[in-house]
Amino acid sequence: MESVIRLSSLKISNIKNVRNGQIIMPNTCRKQLTYQTAEVLGLYGQNGSGKTAVIDTLYYLQKIMIGRSLEEEIADYLDAGSNQAEIIADFHIFTEAAIYEVSYKIILQRSVNGVDIIRETLSCAINKDNVRSNKTVFMDYQRSDRESVFTPKKRLDELIEVDMENKTDLIVARKMAEKSNCSYIFGENSREIFCRNYENHFKDYSEVIKALFKFALKDLFVIRNTHSGVISANFLLPMAFKIERNEIGMKGDFAVPLTEPVVLNEERKKILETIIEQINMVLFTIIPGMKIDIHDDGMQLTDSGENGYKIELVSIRESMPPIPIRMESEGIIKIISILNALIQAFGNPSICLVIDEFDAGIFEYMLGELLDIFNKSAKGQLIFTSHNLRALEMLDKDSIMFSTVNPDRRYIRMKNIKPSNNLRDTYLRGITLGGQDEVIYEETDSLRIARAFRKAGRMIRHE
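So for the sequence shown, our numbering puts the first residue at 5; every next one is plus one.
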């Protein structure tokens with residue numbers, strides 16, 4: 005079987021307004037080591053309480069794990085009162101021969117250039133033949149350690165015994181990773197060495213690095229607020245997509261302008277046609293009788309001088325002429341933009357789809373239906389933030405975590421929840437009456453708010 009990778013938990017420290025917080029996926033919460041069921045995790049809480057910090061962390065974690073250089077803007081995400089931030093991502097990797105429990109830890113530090121990766125560690129426990137090994141560190145890179153390429157020395161020796169030149173190559177790869185400010189473990193030059201086919205004891209660890217890289221590259225989708233922002237501005241329709249074409253396939257955002265037609269070469273037009281075909285298989289059931297199509301305005305040269313097609317996306321409904329997609333509501337465009345990614349996560353147990361403000365523009369009842377169907381019938385993982393409480397009526401307590409007002413313990417699950425309890429009512433009761441391990445809502449005073457509005461109104465009138 006092809007390996008299946010699942011995120012099991014994410015712990016973050018000193019990122020945005022989260023000094024310490026951990027989200028734990030439902031199967032891990034239930035202590036179930038399996039990939040046979042869908043996992044849905046919704047993050048709820050008041051504005052500014054750290055929900056989006058999880059989404060942003062997963063976005064940057066993905067970039068790090070595919071070997072990209074750190075973006076300068078990541079410096080803005082470190083806690084203003086701290087010089088260091090820490091991310092610990094736990095994964096389960098399911099293969100035919102074994103199950104690997106893996107922890108990837110990154111420490112980021114402010115520097116004159118913005119932010120540096122000063123330490124990375126990979127730890128692993130192996131479940132094989134009903135025996136579980138202890139979880140041990142098999143790769144520890146420390147930027148400040150100029151004596152060792154990485155530790156433990158035993159793992160480095162396993163690479164050198166295969167080829168003596170590996171040590172020199174790993175030293176060079178380390179210098180290149182530090183110069184380009186990317187991960188040493190997942191940077192292109194060192195990863196190429198780690199992921200070769202080994203027959204000695206390093207074989208297991210090589211498989212782990214290979215699997216995590218592949219997961220970040222092709223199976224982890226992170227849809228941030230910027231994705232919805234260009235839709236709200238009626239500027240772009242970015243369609244998150246994945247197409248299986250070879251071992252890796254294609255994945256990303258296919259952005260189509262909403263304001264005017266676009267010229268695509270033949271290859272990109274074929275990709276768009278495939279995306280549209282997949283979306284239409286589901287769209288007409290969500291928006292009854294609707295499908296989208298490509299309106300072809302004929303041949304036109306692209307900016308690079310090759311033959312292209314001038315196209316525009318249109319929506320088609322029964323017995324109505326096609327209209328430009330920009331004329332549809334923001335909610336419909338939002339559904340179209342994420343639908344291919346949702347389809348991928350529905351059918352693939354290795355896909356982890358992460359969506360910030362999943363409810364933005366989506367009708368409350370439809371949101372609940374989508375989550376219920378995904379939770380009962382899908383194969384992959386879905387992590388989302390939302391303010392719409394409909395999901396609390398559709399998902400069980402293991403599938404919802406709440407942000408708190410305590411920056412040292414940002415995320416909790418509700419306690420003392422019985423199967424017969426309505427989680428939405430319990431949450432609203434917890435806001436007003438408390439009774440949970442942490443305060444989940446920083447109380448606002450309606451009288452003070454009203455006074456502030458009146459005062460501000462008087463000032464405007466007197467200007």
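We put the beta carbon where it would ideally sit given N, CA and C, even for glycine.
By a C-beta neighbour count over all protein chains shown, 10 Å radius and 16 as the cutoff for buried, is residue i buried or exposed?
i	result
residue 96	buried
residue 305	exposed
residue 450	exposed
residue 369	exposed
residue 181	buried
residue 349	buried
residue 1	Nothing can be reported for residue 1, as the shown portion of the chain is limited to 5 through 467.
residue 143	buried
residue 242	buried
For residue i and chain D, any beta-carbon pair shorter than 8 Å?
i	result
residue 37	In the structure shown, chain D cannot be found, because there is only a single protein chain.
Look at residue i and residue j and say whether their C-beta atoms are less than 8 Å apart.
i	j	result
residue 490	residue 414	Since the first and last residues shown for the chain are 5 and 467, residue 490 lies out of range.
residue 89	residue 112	yes
residue 37	residue 78	no
residue 355	residue 257	no
Taking only three categories from DSSP, how would you classify residue i?
i	result
residue 298	strand
residue 248	coil
residue 37	coil
residue 354	coil
residue 69	helix
residue 60	helix
residue 105	strand
residue 303	strand
residue 161	helix
residue 341	helix
residue 12	strand
residue 136	strand
residue 348	helix
residue 78	helix
Which stretch, first to last residue, makes up the alpha helix (DSSP H) that contains residue i?
i	result
residue 33	30-33
residue 282	270-290
residue 331	Per DSSP, residue 331 belongs to no alpha helix (DSSP H) and is neither H nor E.
residue 168	Unbroken run through residue 168: none, as it is neither H nor E.
residue 195	192-198
residue 313	Careful: residue 313 lies outside any alpha helix (DSSP H), inside the beta strand (DSSP E) at 311-321.
residue 372	368-381
residue 398	395-398
Could you give the first and the last residue of the continuous beta strand (DSSP E) run that contains residue i?
i	result
residue 208	Element bounds for residue 208: not the beta strand (DSSP E) but the alpha helix (DSSP H), 207-218.
residue 47	43-48
residue 143	140-146
residue 94	88-98
residue 132	118-132
residue 385	385-389
residue 224	224-227
residue 257	254-261
With residue i and residue j assumed to form a contact (beta carbons below 8 Å), what rounded beta-carbon distance in angstroms separates them?
i	j	result
residue 412	residue 24	5 Å
residue 398	residue 376	5 Å
residue 310	residue 344	Residue 310 to residue 344, Cβ: 26 Å. No contact.
residue 166	residue 202	6 Å
residue 407	residue 71	About 31 Å separates the two Cβ atoms, so there is no contact after all.
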